[in-house]
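For reference, the structure discussed in these notes is given below.
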Amino acid sequence: MNRIRIILGSTNSTKINAITETIASFPAQLGGAKIEAIAVDSIEQPFNEDIKKGGIARARSALKKAGEKVTGEKVYGVGIEGGLVKYMGTWYITAYCHVIQDDGTEHGAWTSMLECPKDIVDSVKREAQSLGSVVEKMAKEKNWDSSGGAFGTLTGGRFTRFHALRNALILCFSPFFVKT
């Protein structure tokens, strides 16, 4: 089997766990893949199209930082960016995931969208703070960013950030391996 490296443009533990679970969903194609989590530049609190732009930028930055490729090796850059998007007058919490293979092939997918309470949106905008810091204060949670995230807080733990990211990452990787 060829060596596979997946370079994740984040050191966030929830994102690392989501990509680890995604790899397990593709044992024949990604089994044995090595994950490298690296820090990349990102926007503090993206809104609307900046969420997708951020996910793509993280994937590209991750792939650039992969270094020299070994013969027969496949390398994937993965970017995940979360934020707030306004759709038909309502604000939603979502994230965009993007995967780029070293041959230039790329695919992306959005997570589920959860309606964001108006008071949270107002606080994010008024205080120029991240969604995470506003929800963390409200929920009085520690390590909010690596726990259930806004999804977990606002669903009482029934659906977490991990679930949303894992599902979107499976959708991102599927076109690489499932041919119709």
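Counting from 7, one number per residue, gives the positions in the sequence shown under this note's numbering. Think of the CB as a built atom: it goes at the ideal place given N, C-alpha and C, for glycine as much as any other residue. All values derive from a computational prediction rather than experimental measurement.
Quick test of the definition: if touching needs 3 or more C-beta pairs under 8 Å, does the stretch 92-101 touch the stretch 62-78?
Contact fails: fewer than three Cβ-Cβ distances are below 8 Å.
For threonine 28 and arginine 172, which I take to be in contact (beta-carbon distance under 8 Å), what is that distance rounded to the nearest angstrom?
Position 22 of the sequence shown, counted from the start, is the residue given in the question as residue 28. Position 166 of the sequence shown, counted from the start, is the residue given in the question as residue 172. Between arginine 172 and threonine 28 the Cβ distance is about 6 Å, and since that is below 8 Å, they are a contact.
In the DSSP assignment, the beta strand (DSSP E) including glutamate 74 goes from what residue to what residue?
The count along the sequence shown starts at 1 and reaches residue 74 at position 68. Where glutamate 74 is concerned, there is no enclosing beta strand (DSSP E), given that its DSSP letter is neither H nor E.
Using a C-beta cutoff of 8 Å, does serine 129 count as contacting chain B?
Here chain B cannot be found, since the structure has a single protein chain.
I need the boundaries of the beta strand (DSSP E) containing alanine 101, first residue and last residue.
On the sequence shown, position 95 is the one that residue 101 refers to. Residues 96-107.
Given a threshold of 16 other Cβ atoms within 10 Å of its Cβ, counted over all protein chains shown, does valine 184 qualify as buried or as exposed?
The residue labelled residue 184 in the question sits at position 178 within the sequence shown. Exposed, because fewer than 16 other Cβ atoms sit within 10 Å of the Cβ of valine 184.
Of the residues Ile49, Thr111, Asn54, which one's Cα is nearest the Cα of arginine 64?
Counting from 1 along the sequence shown, the entry for residue 64 is found at position 58. Measuring from the Cα of arginine 64, the nearest candidate turns out to be Ile49.
By DSSP's criteria, valine 140 is part of a beta bridge. Which residues make up the other side?
Here residue 140 refers to the residue found at position 134 of the sequence shown. Valine 140 pairs with nothing; no bridge assigned.
Mind checking tyrosine 82: buried by the 16 CB within 10 Å criterion, or exposed?
Position 76 of the sequence shown, counting from 1, holds the residue named residue 82. Label assigned to tyrosine 82: buried.
Within the continuous alpha helix (DSSP H) that includes glycine 61, where are the two ends?
For the purposes of this step, residue 61 is taken as residue 55 along the sequence shown, with counting starting at 1. Element bounds for glycine 61: 55-70.
Could you check what DSSP says for alanine 39 in three-state terms: helix, strand or coil?
Locating residue 39 in the sequence shown gives position 33, counting from the first residue. It is coil, neither helix nor strand.
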